[in-house]
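Its first residue numbered 373, the sequence shown is counted upward by one per residue in my numbering.
Since the structure comes first, as structure tokens, the remarks are kept for the end.
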Amino acid sequence: MSAKKEPSVWEGFKAFLMRGNVVDLAVAVVIGAAFTNIVNAVVKGIINPLVGAIGTQNLDTYRTCLSTSCKGTHGIQLMWGSVLGATLTFLMTGTVVYFLMVLPMSKYLARQAARKAAREGTHEVVQVTELEVLKEIRDELVAQRAASRGER
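And the structure:
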């Protein structure tokens with residue numbers, strides 16, 4: 373009776389690393405980190421100056437004091453500028469991801485699917501046409517045999 377050998381820890385780790393979804397996840401993390409730099413640059417270079425035209429470029433300075441005296445960091449302060457900055461960063465990230473990555477990729481995939489469907493549709497028509505031609509040839513051969521037997 374032969375016992376089935378359990379895979380070693382090293383073999384299991386190697387199999388885990390070679391799975392496609394692990395590699396895809398690693399690529400997504402690296403691309404996400406690089407994309408974060410782009411979004412931060414857009415926020416710093418475009419959004420903050422636009423906001424700066426109205427007020428200040430540093431949204432962190434916008435705050436509201438809830439206590440009677442707020443000097444420096446003393447008192448109860450609502451840092452709504454930080455929340456506004458984070459919200460704008462989130463919206464910009466979503467906008468850039470959608471319009472520069474998701475929308476073009478979905479259009480590309482839709483075109484590829486339409487091309488594949490058109491090729492498959494053409495292939496089916498060709499198969500049906502060939503089948504009909506073969507049936508016609510068969511019927512013609514049967515008719516010729518019947519005619520040649522009748523003539524003798």
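The beta-carbon is built from N, C-alpha and C at its ideal position, and this holds for glycine as well.
query                                                                                                                                         : result
Kindly indicate which three-state DSSP category Thr461 falls into: helix, strand or coil?                                                     : helix
Kindly indicate which three-state DSSP category Thr436 falls into: helix, strand or coil?                                                     : strand
Are Gly447 and Ser454 touching if we call contact CB-CB under 8 Å?                                                                            : no
Do you know whose CA, among Gly522, Arg510, Val469, lies nearest Asn409's CA?                                                                 : Val469
One question on the structure: do Val402 and Thr461 come within less than 8 Å of each other, judged by their Cβ atoms?                        : no
Using DSSP bridges, identify the partner residues of Glu449.                                                                                  : Inspection of the sequence shows that residue 449 is occupied by Gln rather than by Glu. DSSP output for Gln449 lists Cys437 as bridge partner(s).
My output table needs one value for Glu378: the three-state DSSP class, helix, strand or coil.                                                : coil
With a Cβ-Cβ cutoff of 8 Å, do Trp452 and Thr436 count as a contact?                                                                          : yes
With a 10 Å radius around its C-beta and 16 neighbouring C-beta atoms as the bar for buried, classify Leu463 as buried or exposed.            : exposed
For Gly493, count the other beta carbons within 10 Å of its own beta carbon; 16 or more makes it buried, fewer makes it exposed. Which is it? : exposed
I'd like to check one pair, Leu422 with Gly457: are the Cβ atoms closer than 8 Å?                                                             : no
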